[in-house]
Amino acid sequence: MKKEYDIIVVGAGPAGSMAARYASEQGASLLMLEKDRDVGYPVRCGEAITKRNLIQFIDPDPKWVVAEISKFVVYAPDGTEVVFDFGEVKGYMLERRIFDYELAKTASTAGAEILTRAYVYDLILEDGKVCGVKVEYRGEKIEIKSKIVIAADGVESRVGRWAGLKTHIDFRDMESCFQVTASNVNAPQDALQFYLGTNYAPGGYFWVFPKGENIANVGLGVSGDHCKKRSSLSYMNEQMEKFFPDASILTQVAGGVPCSVTLDEITGDGIMLAGDAARQVNPLTGGGIGSGMIGGSIAGKVAGEAIKKNDLSLIHNYKKEWNKKRGKLHLILDKIKEEFFKISDEEFNEIFHKMIKHKPEDRTLNKLFMTALAKKPSLLVEVAKVILI
Amino acid sequence: MFRMAKKGKLMIEILPDKCDFCGACVGVCPEDAIELKEAEIKIIDPKCTNCSKCIWSCPIEVIKFNKDGIEV
Ligand SMILES: Cc1cc2nc3c(=O)[nH]c(=O)nc-3n(C[C@H](O)[C@H](O)[C@H](O)COP(=O)(O)OP(=O)(O)OC[C@H]3O[C@@H](n4cnc5c(N)ncnc54)[C@H](O)[C@@H]3O)c2cc1C
Ligand code: SF4
Ligand code: SF4
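This is the structure in structure tokens:
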């Protein structure tokens, strides 16, 4: 470890690793710091990703792909099932403890240095400008200087705050989650299953995602408003008892997903935010692996460019690039989320009853949203925009 | 509006033995009053204003409001 780098990345999740890789590819000297002992562990994630998002960055590899997804099965509160069959592989289930590791390896192959067990506890600030980080590493306190810090520190997002960025999230937008990886769970290997309704997970959904023969990630997310009244753990205990009373629990995790639009400010003087820390999660689905990788890769490219051209003001182009690629889409998805979660259980049941009347080939996700939002014509325009993107 | 902490006492208590170190509470804390390391968590006195948002976001109910306050 040197005393100074061009760029320091805090957090070695998907966003951090992509930022590190794309900046290193442009020749910047870079150090990525991770507080945990292992990159990729513990896994606080349902581990589903769309094919479109994944293949932009890495080819699917049987080492970390545990299932290929070609169907969504969605359940209404009264149990009515609607199957969306895409007829081809549209997504993957990952083994993230291996996947995150592989992503970090791509960063290190590009030239990045990586260190785990390195907890960043503060920033070095000079006249309000970020000039590096203060790290606790194996009981020792070390200061490391850099021209740019990329904070990819996940849902906590503290590093940005130390630079004066407002990163805390409204508790109503925080999906409070609990998930188990369980065996003795018989789930279809080609489908993601979602259960909607206030009895399962108000303001969110209950999910069953396949992880190989007889194993699945089973979890749920409840929006902050609802979690205030009853915790996700208590919802989860009820669902496990109801659906999988014989399951063996191999892993259990709590977690928070910031489901909101991206922060207004994702850059400051010498600092950039990426991934969950920048609130780059898809606000409707809570998926943040793919969008975090996209955010991280843009941050890394822009930072690498700023170093190469020796013009640090270029980092502020990041927001524009992000908005072009995802930010604007997230604004629309967030509006749809707001309306979607206002739909009552009875209305969901009605919508699903209408859906099953369509021929299977006409049951598309777009149609679901169209039917769901038919009462709100203004939102139909928004949905149409998403479909066109 | 928020209940003031008694001097030298915190009213929000995280039960470290039960915490999963997931960071949800840290993300919602408006005051940056929670420090989270790999498997260590604590509320930083005197930043905490007792607003209770961390309590509401915790998936596993391990943050409690302690009306008598805890010595720090
Ligand atoms: C229960 C649950 C289910 C989910 N399911 C899905 C899903 O199926 N599909 C999907 O796409 N997304 C899902 N998500 C969201 C997804 O997990 C995140 O959006 C994604 O991991 C974000 O990546 P990231 O790189 O921004 O942050 P993270 O992956 O959280 O990485 C941040 C890293 O920063 C480190 N760090 C934090 N602070 C410091 C510090 N001070 N010093 C050093 N290191 C630090 C952390 O230890 C961590 O490793 C789920 C989330 C949860 C909680
Ligand atoms: S009570 Fe409010 S200020 Fe105190 S730690 Fe919790 S969220 Fe932060
Ligand atoms: S939200 Fe709950 S489980 Fe998660 S870190 Fe905070 S206290 Fe621990």
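The listed protein sequences correspond, in order, to chains G and Y. My numbering puts the first sequence at residues 6 to 394. My numbering puts the second sequence at residues 489 to 560. Note that CB positions come from ideal geometry on N, CA and C, so glycine has one too.
Listing by chain order, which chain Y residues have their CB less than 8 Å from the CB of residue i?
{"i": "residue 259/G", "result": "508, 510, 512, 546, 547, 548"}
{"i": "residue 41/G", "result": "526"}
{"i": "residue 264/G", "result": "The premise fails here: residue 264/G is roughly 11 Å from chain Y at the closest Cβ pair, so nothing lies under 8 Å."}
{"i": "residue 101/G", "result": "Correct list: empty, because the minimum Cβ distance to chain Y is about 15 Å."}
{"i": "residue 143/G", "result": "Near residue 143/G there are no residues of chain Y at all, since even the closest Cβ is about 12 Å away, more than 8 Å."}
If you measure from the CB of residue i, is any heavy atom of ligand 3 nearer than 8 Å?
{"i": "residue 547/Y", "result": "yes"}
{"i": "residue 507/Y", "result": "yes"}
{"i": "residue 529/Y", "result": "yes"}
{"i": "residue 226/G", "result": "no"}
{"i": "residue 229/G", "result": "no"}
{"i": "residue 261/G", "result": "yes"}
{"i": "residue 514/Y", "result": "yes"}
DSSP has residue i in a bridge; who is on the other side?
{"i": "residue 46/G", "result": "43/G"}
{"i": "residue 199/G", "result": "79/G, 212/G"}
{"i": "residue 137/G", "result": "129/G, 150/G"}
{"i": "residue 253/G", "result": "188/G"}
{"i": "residue 559/Y", "result": "497/Y"}
{"i": "residue 89/G", "result": "77/G"}
Could you name the residues of chain G that residue i contacts, counting a contact when the two beta carbons are closer than 8 Å?
{"i": "residue 518/Y", "result": "173"}
Hey, is residue i close to ligand 1, as in C-beta under 8 Å from one of its heavy atoms?
{"i": "residue 53/G", "result": "yes"}
{"i": "residue 445/G", "result": "The requested residue 445/G is not part of the displayed model; chain G covers only 6 to 394."}
{"i": "residue 214/G", "result": "yes"}
{"i": "residue 178/G", "result": "no"}
{"i": "residue 116/G", "result": "no"}
{"i": "residue 232/G", "result": "no"}
{"i": "residue 510/Y", "result": "yes"}
{"i": "residue 19/G", "result": "yes"}
{"i": "residue 72/G", "result": "no"}
{"i": "residue 157/G", "result": "yes"}
Below 8 Å on the Cβ atoms is my guess for residue i versus residue j; work out the distance and round it to an integer in Å.
{"i": "residue 299/G", "j": "residue 283/G", "result": "Incorrect: roughly 11 Å between the Cβ atoms, too far for contact."}
{"i": "residue 273/G", "j": "residue 168/G", "result": "5 Å"}
{"i": "residue 526/Y", "j": "residue 42/G", "result": "7 Å"}
{"i": "residue 335/G", "j": "residue 266/G", "result": "5 Å"}
{"i": "residue 268/G", "j": "residue 172/G", "result": "6 Å"}
{"i": "residue 547/Y", "j": "residue 236/G", "result": "6 Å"}
{"i": "residue 123/G", "j": "residue 29/G", "result": "In fact, because the Cβ distance is near 18 Å, the residues do not count as touching under 8 Å."}
{"i": "residue 550/Y", "j": "residue 502/Y", "result": "6 Å"}
{"i": "residue 76/G", "j": "residue 87/G", "result": "The Cβ separation is near 11 Å, so there is no contact."}
{"i": "residue 90/G", "j": "residue 365/G", "result": "7 Å"}
{"i": "residue 54/G", "j": "residue 33/G", "result": "Not really, about 27 Å apart at Cβ, beyond 8 Å."}
{"i": "residue 227/G", "j": "residue 209/G", "result": "5 Å"}
{"i": "residue 155/G", "j": "residue 286/G", "result": "With a Cβ gap of about 17 Å, residue 155/G and residue 286/G do not count as contacting."}
{"i": "residue 277/G", "j": "residue 229/G", "result": "Between residue 229/G and residue 277/G the Cβ distance is about 27 Å, and since that is not below 8 Å, they are no contact."}
{"i": "residue 195/G", "j": "residue 73/G", "result": "7 Å"}
{"i": "residue 183/G", "j": "residue 98/G", "result": "About 19 Å separates the two Cβ atoms, so there is no contact after all."}
{"i": "residue 82/G", "j": "residue 345/G", "result": "Going by Cβ atoms, the distance from residue 82/G to residue 345/G rounds to 14 Å, so no, they are not a contact pair."}
Can we count residue i as close to ligand 2, meaning its CB is less than 8 Å from some heavy atom?
{"i": "residue 521/Y", "result": "yes"}
{"i": "residue 541/Y", "result": "yes"}
{"i": "residue 171/G", "result": "no"}
{"i": "residue 550/Y", "result": "no"}
{"i": "residue 536/Y", "result": "yes"}
{"i": "residue 193/G", "result": "no"}
{"i": "residue 517/Y", "result": "yes"}
{"i": "residue 500/Y", "result": "yes"}
Name the chain G residues that come within less than 7 Å of residue i, Cβ to Cβ?
{"i": "residue 541/Y", "result": "176"}
Identify the contact partners of residue i in chain Y, using a Cβ-Cβ distance below 7 Å as the criterion.
{"i": "residue 11/G", "result": "Going along chain Y, no residue has its Cβ under 7 Å from residue 11/G, so there is no contact; the nearest lies around 27 Å."}
{"i": "residue 179/G", "result": "512, 515, 516, 545"}
{"i": "residue 214/G", "result": "Neighbours of residue 214/G on chain Y: none; closest Cβ ~18 Å, over 7 Å."}
{"i": "residue 182/G", "result": "547"}
{"i": "residue 166/G", "result": "520"}
Flag residue i as yes when its Cβ comes closer than 8 Å to any non-hydrogen atom of ligand 4, and as no otherwise.
{"i": "residue 524/Y", "result": "For the structure depicted, ligand 4 is absent and the ligand set comprises only ligand 1, ligand 2 and ligand 3."}
Name the chain Y residues that come within less than 9 Å of residue i, Cβ to Cβ?
{"i": "residue 162/G", "result": "511, 514, 515"}
{"i": "residue 159/G", "result": "511, 515"}
{"i": "residue 49/G", "result": "508, 510, 511"}
Against chain Y, which members of the region 107 to 139 of chain G pass a CB distance test of less than 7 Å? 124
Members of the region 525 to 539 of chain Y that neighbour chain G once the beta carbon cut-off is set at 7 Å: From the region 525 to 539 of chain Y, only 525, 526 have a Cβ closer than 7 Å to chain G.
According to a CB-to-CB cut-off of less than 7 Å, which residues of the region 230 to 253 of chain G neighbour chain Y? 232, 233, 236, 237, 238
For the region 275 to 306 of chain G, which residues have a beta carbon sitting closer than 7 Å to at least one beta carbon of chain Y? none
Residues of the region 55 to 69 of chain G with Cβ closer than 9 Å to any Cβ of chain Y, in chain order: none
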